[in-house]
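Colleague: Just dropping this structure here.
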Amino acid sequence: LHLGPTGPRYHPLVTPGALLATPAFLFATGIFRFYVSHMSSYDELYGPLGGVMVLMLWFWWISIILLSGAVMDCVILNAAIERKAGGHFNGTDPLSTKVDVQEPISFSRE
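Count along the sequence shown from 1, add 8, and you get the number used in the working numbering.
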């Protein structure tokens, strides 16, 4: 693998973004199920395309939730890399700063 990183990488099993996105996903799915079954009449308004519209709306909600969790993880990880690098990046690209990635980067503030 000439294009990948050298050595083992640390990948946490559970991240803060996953801890936020998973319950939000379940909550949004439950609320959406209630809304579709009790409040809306997509089939009467749109005919056979009503189911497709409902599915696309659910995909949109879930994609926003999952991307919000990923952005949260990215922001926390960039802050951890900055803290480990010993200061602020002063407007430079965080990915261009040399940081030893062989040891795990903690998501905690310790």
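We put the beta carbon where it would ideally sit given N, CA and C, even for glycine.
1. Taking the alpha helix (DSSP H) that H19 belongs to, which residues open and close that run?
2. If you compare alpha carbons, which of I72, F40, V79 is closest to V62?
3. Give me, in chain order, the residues of the same chain whose beta-carbon lies closer than 7 Å to that of L9; leave out the 5 immediate sequence neighbours on both sides.
4. Measuring straight from C-alpha to C-alpha, what distance separates T30 and Y50?
5. When DSSP labels each residue in this structure, what does T14 get in the three-state scheme?
6. Let me confirm a value: G77 is counted as buried when at least 16 other C-beta atoms fall within 10 Å, else exposed. Which label applies?
7. Thinking C-alpha only, which one of T14, C82, W69, P24 is nearest F35?
8. D81 and P16: beta carbons closer than 8 Å?
9. Where does M61 sit, in a helix, a strand or coil, going by DSSP?
10. Specify the secondary structure class of M47 as computed by DSSP and reduced to three states.
Modeller: This is what the structure gives:
1. No alpha helix (DSSP H) holds H19; DSSP gives it neither H nor E.
2. F40
3. Interpretation of L9 is limited by its pLDDT of 48, a score under 50 that renders its predicted location unreliable; the figure taken from the coordinates is listed afterwards. Answer for L9: no residue qualifies.
4. 28 Å
5. coil
6. buried
7. W69
8. no
9. helix
10. coil
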